[in-house]
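Peer 1: Structure below; questions to follow.
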Amino acid sequence: MKQKSILFPCLLLAASVYAWLESGQAELFSGQDQWPVLLMLLGAAFVYQGKKEAVTPHFFIGLLLFGIGLHFFAKPKWVWWPDDFEMLLFMIGFSLLVSAVQKKEYVYEAVSMICFSLFLYFFKQIMAWLESAHIPTALLKEYWPFVFIGISLLLLLIKRKKSIR
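Residues in the sequence shown are numbered from 4 upward in steps of one, following the numbering used here.
Written out as structure tokens, the structure is:
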């Protein structure tokens with residue numbers, strides 16, 4: 004007999020907890036009625052179900068939803084919090100890395116995504132350091148996206164010796 008999934012009860016619980024928080028019947032924390040809290044609750048439901056039933060895609064989606072919710076919840080509160088682009092790339096890489104540890108797949112891709120997001124986060128500081136060392140950075144500032152586009156296209160177009168995963 005096929006075992007029933009706990010996904011629906013988990014999602015229903017997450018939505019119900021959010022409805023309760025949004026109603027204002029209890030003040031647990033500031034901003035509890037904002038949409039990022041719903042993303043975090045839904046993400047937690049997917050993480051729990053994915054871990055409990057060993058469904059790696061649900062675990063990945065849960066981490067991603069929770070991370071995106073956390074980002075948009077924390078961003079207005081802390082001035083040092085990274086911008087959307089860098090943080091979303093980091094969340095994708097982090098979610099992929101945590102999921103990759105389970106199956107030992109996509110570790111290189113996850114670490115590369117995290118490194119790229121950190122490069123973007125520290126780009127201004129790197130450019131300032133290079134300029135202080137009297138290294139010209141005008142071309143680098145203008146054309147670095149095209150370098151990554153070229154690398155991406157090269158990686159997409161070269162023939163792989165291994166089969167596609």
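Note that beta-carbon positions come from the ideal geometry of N, C-alpha and C, so glycine has one too.
As a quick exercise: from Phe93, Gln105, Glu134, pick the residue whose alpha carbon is nearest that of phenylalanine 69.
Peer 2: The residue you call residue 69 lines up with position 66 of the sequence shown. Measuring from the Cα of phenylalanine 69, the nearest candidate turns out to be Phe93.
Peer 1: Any idea if glutamine 52 is buried or exposed, counting beta-carbon neighbours within 10 angstroms, 16 or more meaning buried?
Peer 2: The sequence position of residue 52 within the sequence shown is 49, counting from 1. Buried, by the Cβ-count rule.
Peer 1: Measuring alpha carbon to alpha carbon, tell me which of Leu99, Trp147, Gln105, Phe151 ends up nearest tyrosine 111.
Peer 2: On the sequence shown, residue 111 is found 108 positions in, with the first residue counted as 1. Of the candidates Leu99, Trp147, Gln105, Phe151, the one whose C-alpha sits nearest the C-alpha of tyrosine 111 is Leu99.
Peer 1: Could you check what DSSP says for leucine 45 in three-state terms: helix, strand or coil?
Peer 2: Within the sequence shown, the letter at position 42 stands for residue 45. Correct three-state label for leucine 45: helix.
Peer 1: For lysine 54, which option in Phe151, Ile138, Gln105, His137 has the closest C-alpha, if you only look at C-alpha atoms?
Peer 2: Numbered from its first residue, the sequence shown carries residue 54 at position 51. The shortest C-alpha separation from lysine 54 is found at Gln105.
Peer 1: Within the continuous alpha helix (DSSP H) that includes serine 19, where are the two ends?
Peer 2: Looking up residue 19 in the sequence shown gives position 16. Looking at the DSSP string, the run of the alpha helix (DSSP H) that includes serine 19 is 10-26.
Peer 1: Using the beta-carbon count (16 or more within 10 Å), is valine 150 buried or exposed?
Peer 2: As a first step, residue 150 is located in the sequence shown; it is residue number 147 there, counting from the start. Looking at its Cβ environment, which holds fewer than 16 other Cβ atoms inside 10 Å, valine 150 is exposed.
Peer 1: Which residues in the same chain as isoleucine 152 place their Cβ atom closer than 8 angstroms to its Cβ, once the five residues preceding and following it in sequence are excluded?
Peer 2: Looking up residue 152 in the sequence shown gives position 149. Excluding residues within five positions, none has a Cβ falling inside 8 angstroms.
Peer 1: According to DSSP, is phenylalanine 75 helix, strand or coil?
Peer 2: As a first step, residue 75 must be located in the sequence shown, where it is residue number 72. Of the three classes helix, strand and coil, the one that applies to phenylalanine 75 here is helix, per DSSP.
Peer 1: Report the three-state DSSP secondary structure of glycine 96 (helix, strand or coil).
Peer 2: The residue labelled residue 96 in the question sits at position 93 within the sequence shown. Helix, per DSSP.
Peer 1: Within the same chain, show all residues whose beta-carbon is closer than 7 angstroms to that of methionine 116, passing over the 5 residues directly before and after it, in chain order.
Peer 2: Taking the first residue of the sequence shown as 1, we reach residue 116 at position 113. The residues are Leu92, Ile95, Gly96, Leu99.
Peer 1: I need the straight-line Cα distance from glutamate 134 to alanine 48, nearest angstrom please.
Peer 2: Within the sequence shown, residue 134 is the residue found at index 131, counting from 1. Within the sequence shown, residue 48 is the residue found at index 45, counting from 1. Cα to Cα, glutamate 134 sits roughly 47 angstroms from alanine 48.
Peer 1: Could you check whether leucine 44 and phenylalanine 75 sit closer than 9 angstroms to each other, using their CB atoms as the reference points?
Peer 2: Within the sequence shown, residue 75 is the residue found at index 72, counting from 1. Within the sequence shown, residue 44 is the residue found at index 41, counting from 1. Not in contact: phenylalanine 75 and leucine 44 (Cβ atoms no closer than 9 angstroms).
Peer 1: For alanine 17, which option in Gly34, Glu89, Val40 has the closest C-alpha, if you only look at C-alpha atoms?
Peer 2: Mapped onto the sequence shown, residue 17 falls at position 14. Here the closest residue by C-alpha is Val40.
Peer 1: Whole angstroms are fine: how far does the CA of isoleucine 71 sit from the CA of methionine 4?
Peer 2: The residue given as residue 4 occupies position 1 in the sequence shown. The residue given as residue 71 occupies position 68 in the sequence shown. Residue confidence is low: methionine 4 scores 49 on pLDDT, short of 50, so the model does not pin down where it sits. No coordinate-derived value is stated.
Peer 1: Any heavy atom of the ligand MN within a distance shorter than 8 angstroms of the CB on isoleucine 95?
Peer 2: Only the bare structure without any ligand can be found here, which leaves the ligand MN out of the picture.
Peer 1: Curious, which full-length alpha helix (DSSP H) runs of at least 4 residues does the region 88-161 contain?
Peer 2: Listed in chain order, the complete alpha helix (DSSP H) runs (minimum 4 residues) inside the region 88-161 are 110-124, 126-135, 141-160.
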